[in-house]
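A.B. asks: Note that my numbering has the sequence shown beginning at 41, numbered continuously upward.
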Amino acid sequence: MRKEPKINGGKEKHLPWLHMLATNNHKHWRKFLSFLPSKTISHASTISTASAHIFCNVGECGNVELNIPLTWSSPPHTTPSMSSLMLPFELVDKIISEASSDHSSATLRACALVCETWRAAARPYIFRKIKILDESQLATLETLIGTDPAVGVLIRELIIQPRTEPERTPSRWISRFPAVLPPHLNRLQTIQLVDLFDFGEYCNPDFFSAFSAFASVDQLILRHCALDLRLVYSCVSALPNIRHLHVGTMLPVPYILPHAPPQLYAPQLLSIKLNVGSMYPMALEEILEWMLGSSSKDYLRSASLTTRIVNATAVGNFIDELGGLLQHLELDFVRFSASEIEYDSESTPNLSIASFDLRHYRPVMKADISLAKCTALRSLSFRGCNPTLPAFLAFLSEINSPYIRKLSLWATSSGADRAILPDFRVLVEQLDSRHLRGLEEVCFTYRGPLQRAFVLEKLQRDLPNVDSRGILRLVMT
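(1) Tell me the DSSP bridge mates of Tyr486?
(2) So, helix, strand or coil for Leu314, using DSSP?
(3) Which value, in whole angstroms, describes the spacing of the CA atoms of Glu105 and Leu178?
(4) Given this structure, state the Cα-to-Cα distance separating Ser249 from Ala152, to the nearest angstrom.
(5) Once you ignore the five residues that flank Leu365 on each side, which residues in its own chain have a CB closer than 7 Å to its CB?
(6) Label Glu382 either buried or exposed according to how many other C-beta atoms from any shown protein chain fall within 10 Å of its C-beta, with 16 as the threshold for buried.
(7) Starting from the C-beta of Met290, find all residues in its chain whose C-beta is less than 8 Å away, skip the five residues before and the five after it, and write them out in chain order.
(8) Within the continuous alpha helix (DSSP H) that includes Ala179, where are the two ends?
(9) I'd like to know whether the C-beta atoms of Gln303 and Asp258 end up nearer to each other than 9 Å.
(10) Is Ser473 helix, strand or coil by DSSP?
(11) Within 10 Å of its beta-carbon, does Ala84 have 16 or more other beta-carbons around it, so buried, or fewer, so exposed?
(12) Return the chain-ordered list of same chain residues with a C-beta closer than 6 Å to the C-beta of Asp246, the five sequence neighbours on each side being excluded.
(13) Can you tell me where the alpha helix (DSSP H) holding Asp507 begins and where it ends?
(14) Could you check whether Ser441 and Cys483 sit closer than 9 Å to each other, using their CB atoms as the reference points?
(15) Following the continuous beta strand (DSSP E) through Thr346, name the residue where it begins and the one where it ends.
(16) So for Cys425, helix, strand or coil by DSSP?
(17) Within 9 Å of any Cβ in chain D, is that where the Cβ of Arg477 sits?
(18) Any idea if Val515 is buried or exposed, counting beta-carbon neighbours within 10 angstroms, 16 or more meaning buried?
(19) May I ask you to verify whether the stretch 346-362 touches the stretch 292-307, counting CB pairs closer than 8 Å and requiring at least 3?
(20) According to DSSP, is Ala266 part of a helix, a strand, or is it coil?
(21) Taking Ser421 as the reference, give the member of Ala407, Ala451, Asp408 with the closest Cα.
(22) So, at 7 Å on beta carbons, what are the nonlocal neighbours of Leu472 in its own chain, with the 5 sequence-adjacent residues on each side left out?
(23) Tell me whether Lys406 sits in a helix, a strand or coil according to DSSP, three-state version.
(24) Could you tell me the distance, in whole angstroms, from the CA atom of Gly356 to the CA atom of Ile327?
(25) Is Asp238 helix, strand or coil by DSSP?
(26) How should Pro218 be labelled, buried or exposed, when 16 other C-beta atoms within 10 angstroms of its C-beta is the threshold for buried?
(27) Please name the residue or residues paired with Glu197 in a DSSP beta bridge.
(28) How many whole angstroms separate the CB atoms of His224 and Pro189, which I take to be in contact at a CB cut-off of 8 Å?
(29) Helix, strand or coil: which one does DSSP assign to Ser277?
(30) Can you name, in chain order, every residue of its own chain whose Cβ lies under 7 Å from the Cβ of Arg212, other than the five neighbours on each side?
(31) Where does Ile327 fall in DSSP's three states?
(32) Buried or exposed: Arg474, going by 16 or more other Cβ atoms within 10 Å of its Cβ?
(33) Just to confirm my understanding: we take Asp360, look at its own chain, exclude 5 residues before and 5 after, and list those with CB closer than 8 Å. What are they?
(34) Take the Cβ of Pro489 as the centre, count every other Cβ of all protein chains shown within 10 Å, and call the residue buried at 16 or more, exposed below.
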């Protein structure tokens, strides 16, 4: 793999390619062009320098640091002309889109240097996702969008991550971002709050009042946060047009203010994804109870729930309450120790599923969770469990929706021996039954050391009718 050319002795991490745009250093510019895909770009294009640039590092694009351009008018001046191959804008946009998937962002940056047309095509991808890690980056972004309002229109996802190390002190600057950003980010769709730690000191009533100005946001994601759950509910309720909620790992901390935080709006969520982790497993039950008591109960259509035995009753009640509304359901059963699913045993708990006879064990989760009332399901997904177990065959037999079109199941093996794979033939009766004849896709997600060809061959051999219908799909993870 070719290395990027070092400029200025390689001392500055981000300056080289930014410096090219600012100073029209064509020598260095041509060096970087050599890193563009040769099949896509045969000649360099003319550089337009109608504006000068300074660049400020204020965040991230994907998992890489993002360098944001701050532009102002400057007198045009003559630049050397290069022969160019003019590509249709649609093709340029496709190239830029593919380049944006490069986690290092090197290809995307190189594409932005080709010419003014390519730069314009790259800007929406460069500014699509912005991460703010500290107060100085917030101030830089504030200056940028105040100087170049077009940048704010391009931002679709805002990530607020107050710390990258596990320090446990609230961040004062958190209270500022909803006060200064909403007027400029009127097309923002998603807010992520990551590693947020607060007792209510800065996430106070004034914070939620300002947070409600993000009127265009329809998705809120909270991950690795240490908060009282009432603060979570207030964040959700502060967004007037929120439709999608994802709550990741949570750690409970006390709320220090004398009065409960306000819930400004009645949320109308269409989808939820809850995988709250093991540090506070009861958070799932509490959030589900809050959901059932909110107006979202009448709107929810999609639910993805990561559950354990301790949550099974709450999950079962939740599904029973919303069964007739849910169109998409994903159940992720968390593993404990060597077992793929938790079972209640009087004698030998926590054994691997491959080592005992299920006839002597009561599958606790299945006893608490039923799909019989899910009469509107269009897709159903099971993760973290062996689908050939009797408990999950029972799940399949309960499917009572004429609209079911997609079924996703989990498969895994711990060794390289193909014989370790489950016997998928036990699924034939259910998958070939009348109530599942409307399926358009049966997708198996496999995790393990075996090659794709081996796993696919096993599935095709065990499930010939599913394969002959052309609906069998295998995803490797």
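Think of the CB as a built atom: it goes at the ideal place given N, C-alpha and C, for glycine as much as any other residue.
C.D. replies: Let's see:
(1) As a working note, residue 486 is residue 446 in the sequence shown. According to DSSP, which records beta bridges pairwise, Tyr486 is partnered with Ala451, Met516.
(2) Working through the sequence shown from its first residue, we reach residue 314 at position 274. If DSSP states are grouped into helix, strand and coil, Leu314 belongs with the strands.
(3) Reading the sequence shown from its first residue, position 65 is the one you call residue 105. Reading the sequence shown from its first residue, position 138 is the one you call residue 178. The pLDDT assigned to Glu105 is 42, lower than 50, so where the model puts this residue is not dependable; a value taken from the coordinates is nonetheless given after this. Rounded to the nearest angstrom, the two C-alpha atoms are 15 Å apart.
(4) Counting from 1 along the sequence shown, the entry for residue 249 is found at position 209. Counting from 1 along the sequence shown, the entry for residue 152 is found at position 112. Cα to Cα, Ser249 sits roughly 39 Å from Ala152.
(5) Locating residue 365 in the sequence shown gives position 325, where the first residue counts as 1. Once the five neighbours on either side are set aside, the close Cβ partners of Leu365 are Leu340, Arg341, Ala416.
(6) Within the sequence shown, numbered from 1, the residue matching residue 382 stands at position 342. The pLDDT assigned to Glu382 is 38, lower than 50, so where the model puts this residue is not dependable, and the model offers no usable value.
(7) Working through the sequence shown from its first residue, we reach residue 290 at position 250. Contacts found: Leu262, Cys265, Ala266, Leu267, Leu269, Val272, Val316, Gly317, Met319, Tyr320, Ala323.
(8) Taking the first residue of the sequence shown as position 1, residue 179 is located at position 139. Unbroken alpha helix (DSSP H) run through Ala179: 175-187.
(9) On the sequence shown, residue 303 is found 263 positions in, with the first residue counted as 1. On the sequence shown, residue 258 is found 218 positions in, with the first residue counted as 1. Their beta carbons are not under 9 Å apart, which means Gln303 does not touch Asp258 by this criterion.
(10) Numbered from 1 along the sequence shown, position 433 holds the residue referred to as residue 473. In this structure, Ser473 counts as coil in the three-state DSSP scheme.
(11) Working through the sequence shown from its first residue, we reach residue 84 at position 44. Any answer about Ala84 is weak, because its pLDDT of 35 lies below 50 and its placement is not dependable; what the coordinates show is given next. The residue in question, Ala84, is buried, as its Cβ has 16 or more Cβ neighbours within 10 Å.
(12) Walking along the sequence shown from the start, residue 246 turns up at place 206. Hits under 6 Å: none found.
(13) Residue 507 sits at position 467 when you count from the first residue of the sequence shown. Asp507 -> alpha helix (DSSP H) spans 504-508.
(14) For the purposes of this step, residue 483 is taken as the residue at position 443 of the sequence shown. For the purposes of this step, residue 441 is taken as the residue at position 401 of the sequence shown. No, the pair does not count as a contact, with Cβ atoms beyond the cut-off.
(15) Here residue 346 is taken as the residue at index 306 of the sequence shown, counted from 1. Start and end: 342-347.
(16) Along the sequence shown, one-based indexing puts residue 425 at 385. Note: Cys425 maps to coil in three-state DSSP.
(17) Checking the listed chains, one finds no chain D in this structure; it contains a single protein chain.
(18) Start at 1 with the first residue of the sequence shown, and residue 515 comes out as number 475. Val515 is exposed by the Cβ-count criterion.
(19) no
(20) Along the sequence shown, read from residue 1 onward, the residue named residue 266 stands at position 226. Reduced to three states, the DSSP call for Ala266 is strand.
(21) Mapped onto the sequence shown, residue 421 falls at position 381. Among Ala407, Ala451, Asp408, the Cα nearest to that of Ser421 is on Ala451.
(22) As a working note, residue 472 is residue 432 in the sequence shown. The sequence shown places Asp at residue 472, rather than the Leu named in the question. Counting only Cβ-Cβ distances below 7 Å, and skipping sequence neighbours, we find Asn505.
(23) Stepping through the sequence shown from its first residue, residue 406 is reached at position 366. Helix.
(24) Against the sequence shown, residue 356 aligns to sequence position 316. Against the sequence shown, residue 327 aligns to sequence position 287. Cα to Cα, the separation comes out at about 14 Å.
(25) Mapped onto the sequence shown, residue 238 falls at position 198. Looking at Asp238 - three-state DSSP - the assignment turns out to be coil, as it is neither helix nor strand.
(26) As a first step, residue 218 must be located in the sequence shown, where it is residue number 178. Buried is the call here.
(27) Numbered from its first residue, the sequence shown carries residue 197 at position 157. Note: Glu197 sits in a beta bridge opposite Lys169, Thr230.
(28) On the sequence shown, residue 224 is found 184 positions in, with the first residue counted as 1. On the sequence shown, residue 189 is found 149 positions in, with the first residue counted as 1. That pair is a contact at about 7 Å.
(29) As a working mapping, residue 277 is identified with position 237 in the sequence shown. Helix.
(30) Residue 212 sits at position 172 when you count from the first residue of the sequence shown. Cβ within range, chain order: Tyr242.
(31) For this step, residue 327 is matched to residue 287 along the sequence shown. Three-state result, Ile327: helix.
(32) Indexing the sequence shown from 1 puts residue 474 at position 434. Arg474 should be labelled exposed.
(33) Locating residue 360 in the sequence shown gives position 320, where the first residue counts as 1. Ser410, Lys413.
(34) Translated into the one-based positions of the sequence shown, residue 489 becomes position 449. By the 10 Å Cβ count, Pro489 comes out exposed.
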